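Down below is the structure, laid out as structure tokens.
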Amino acid sequence: MPNHTPSNYFISLDKAKELTQTISIPTKEEKITIQNAYNRILSQDIFSNINDPPFNNSSMDGYAVIYSDTIKATKNNPIELKIIDVINAGSIPQKEIQSGFASKIMTGAPIPKGADSIIMVEKTQKEEGKIKIFQPSFPNYIRLKGENISKGQLILEKGTLLKPSHIGLLATTGHSHISVFKKLKISIISTGDELISPGEKLSSGKIYESNSYVLEGLINDLGHIPLRINSISDSIDILRLELDKAITESDLIITSGGVSMGDFDIVRNIMESEGEILFWRIKIRPGSPPLFGKWKQKPIFCLPGNPASSFVVFKILIEPWLNKIINFNKNPPKIIKAKILENIKNKPNFQIFNRVFIKNNGDEMIAFTKSHQGSGNINSLASSNGLTLLPPGMGAKKNEIIDILLI
Ligand code: AMP
Ligand code: MG
């Protein structure tokens, strides 16, 4: 057992989530151009500057006509209309349509006065100065002013993580600049005497370090800035230096490794003697060792070193906490139901996050493990696209429908 077991020791995930809520990070805003908006988080509601479309326009290449002129048109008895104008997208129609007349019109061009319908070019036959129409032109193919969005309408809510379609909506409604939350800076410190960087030669007893790269990607996914360093050895003095440096550079520190029961678990040691611990250990599998607290006023999450564990703890604990801080409530976790194809065993009060592959199997979604579930097995993650979400203490029976968190 550790020197000083914290009062919140080996708690439920729900309790851990509750305790993380007692610490926050101050957020700031900044104005950016929409070109830089990909994967940024809106810090204000956005309203449309305009009606979309801004004017009635044609949704087809064809002819602008008066519907009643065409009612009697048939294949054998076409009607003829005189062409008086050609209207391109971007131009202003010069002539009003009166009975017996039509204007050629391109997709996106404004509807001329007098016209109430568009006949597709494919349904007409052009002759010198006139067209023949073989069917009635029902009042259609007109995109009405404001039918997509009206001026002043709320189009995107504060907290939206901006994806390409959102950026398209901003551009369409005339926004060139927007306010977003400043990205949080998050330090990543991985620890372990056995770790070397990919690219170096593997020597005996060593393994390639991977967690810091995974965490870097997860942080980028959330629209924040990872500050990653190469892994450090299991030395309390080096760790102290790195933690002190991290608090000057970042808003949050994430460590990996050294937080379990081993003799060289320096992260746990230094947090016990010099840090502030809110909780240590959670009843989850994989990933039971996490520690959460403060290192000199800055929040710190200490993740276990096993690759599957550190990933899972980030997804189920850190990600929801960060999202809440940044008001990023408009992109909730993607959870779907699927039939699990194998039994899942559990321990009393534990929550189990198996890495599963989920796919559509005809008329149902099915989920299954592709690789063994050891917490050191990164392949169990890389070959999966979901995590089982089971209530505390619950396993699952083969063919049961359960919740899966998409990852
Ligand atoms: P620890 O949490 O430090 O006891 O490490 C648990 C297991 O995870 C050990 O087998 C370590 O070698 C491995 N491990 C620790 N940190 C990393 C890392 N950054 N990348 C890959 N494996 C790691
Ligand atoms: Mg270690």
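Reading the sequence shown from the start, the letters are residues 244 to 650 in the numbering used here.
For glycine and all other residues, C-beta sits at the position ideal for the given N, C-alpha and C.
Bear in mind that the values here come from a model prediction, so they are computed numbers and not experimental data.
*asked:* Cutting at 8 Å between CB atoms, please list the residues of its own chain near R524, excluding the five before and the five after it.
replied: The residue labelled residue 524 in the question sits at position 281 within the sequence shown. Setting aside the 5 residues that flank it on each side, R524 is surrounded in the same chain by Y252, F253, I254, S531, P532, P533, L534, each with a C-beta closer than 8 Å to its C-beta; the list follows chain order.
*Beta-carbon gap between I462 and I429 smaller than 7 Å*: The residue labelled residue 462 in the question sits at position 219 within the sequence shown. The residue labelled residue 429 in the question sits at position 186 within the sequence shown. In contact: I462 and I429 (Cβ atoms closer than 7 Å).
*Alpha carbon of T415 to alpha carbon of N383, nearest angstrom*: Mapped onto the sequence shown, residue 415 falls at position 172. Mapped onto the sequence shown, residue 383 falls at position 140. Spanning the two alpha carbons is a distance of roughly 23 Å.
*Between R598 and S552, is the Cβ-Cβ spacing less than 7 Å?*
As a working mapping, residue 598 is identified with position 355 in the sequence shown. As a working mapping, residue 552 is identified with position 309 in the sequence shown. No, the Cβ-Cβ distance between R598 and S552 is not below 7 Å.
*Using a threshold of 7 Å, state whether the C-beta atoms of I340 and A358 are closer than that.*
Along the sequence shown, read from residue 1 onward, the residue named residue 340 stands at position 97. Along the sequence shown, read from residue 1 onward, the residue named residue 358 stands at position 115. Their beta carbons are under 7 Å apart, which means I340 touches A358 by this criterion.
*Cutoff 8 Å; reference S446; Cβ partners in own chain excluding five residues on either side*: Here residue 446 is taken as the residue at index 203 of the sequence shown, counted from 1. If we look at S446 and ignore the five residues flanking it on each side, its Cβ neighbours are I439.
*Would you give the residue range spanned by the beta strand (DSSP E) that N586 belongs to?*
Along the sequence shown, one-based indexing puts residue 586 at 343. Looking at the DSSP string, N586 is not in any beta strand (DSSP E), and its letter there is neither H nor E.
*Buried versus exposed, by CB contacts within 10 Å (16 or more), T313*: Your numbering for residue 313 matches position 70 in the sequence shown. With 16 or more Cβ atoms within 10 Å of its Cβ, T313 is classed as buried.
*asked:* Taking only three categories from DSSP, how would you classify V364?
replied: Within the sequence shown, the letter at position 121 stands for residue 364. DSSP places V364 in helix when its eight states are reduced to three.
*Run the proximity test for S433: is its beta-carbon closer than 6 Å to any non-hydrogen atom belonging to the ligand AMP?*
In the sequence shown, counting from the first residue as 1, residue 433 sits at position 190. For the ligand AMP, at least one heavy atom lies less than 6 Å from the Cβ of S433.
*For the ligand AMP, is there a heavy atom less than 6 Å away from the beta-carbon of S430?*
By 1-based counting over the sequence shown, the position of residue 430 is 187. No.
*Could you check how far apart the C-beta atoms of P547 and S503 are, in whole angstroms? I think they sit under 8 Å.*
As a position in the sequence shown, residue 547 is number 304, starting the count at 1. As a position in the sequence shown, residue 503 is number 260, starting the count at 1. Yes, P547 and S503 are in contact; Cβ-Cβ is about 6 Å, under 8 Å.
*In whole angstroms, what separates the C-alpha of G550 from that of N622?*
The residue you call residue 550 lines up with position 307 of the sequence shown. The residue you call residue 622 lines up with position 379 of the sequence shown. Here residue 550 turns out to be Pro, not Gly, going by the sequence shown. Those two C-alpha atoms are separated by around 9 Å.
_Residue-chain proximity (L482, chain C), Cβ-Cβ < 7 Å_ = Among the chains of the structure shown, chain C does not appear; only one protein chain is present.
*Which ranges would you report for the alpha helix (DSSP H) in the region 463-509 if only whole runs of at least 4 residues count?*
For the region 463-509, whole alpha helix (DSSP H) runs of length 4 or above, ordered along the chain, are 479-492.
_Could you check whether G536 and E519 sit closer than 7 Å to each other, using their CB atoms as the reference points?_
As a first step, residue 519 must be located in the sequence shown, where it is residue number 276. As a first step, residue 536 must be located in the sequence shown, where it is residue number 293. Yes, the Cβ-Cβ distance between E519 and G536 is below 7 Å.
*Helix, strand or coil: which one does DSSP assign to I266?*
Position 23 of the sequence shown, counted from the first residue, corresponds to residue 266. Shown here, I266 sits in coil according to DSSP, grouped into three states, outside any helix or strand.
*Please specify which runs of the beta strand (DSSP E), each continuous and at least 3 residues long, are wholly inside the region 366-424, giving them in chain order.*
Listed in chain order, the complete beta strand (DSSP E) runs (minimum 3 residues) inside the region 366-424 are 367-370, 373-376, 397-399, 420-424.
_First and last residue of the uninterrupted beta strand (DSSP E) at L632_ = As a working note, residue 632 is residue 389 in the sequence shown. It spans 629-632 - the beta strand (DSSP E) in which L632 sits, taken as one unbroken run.
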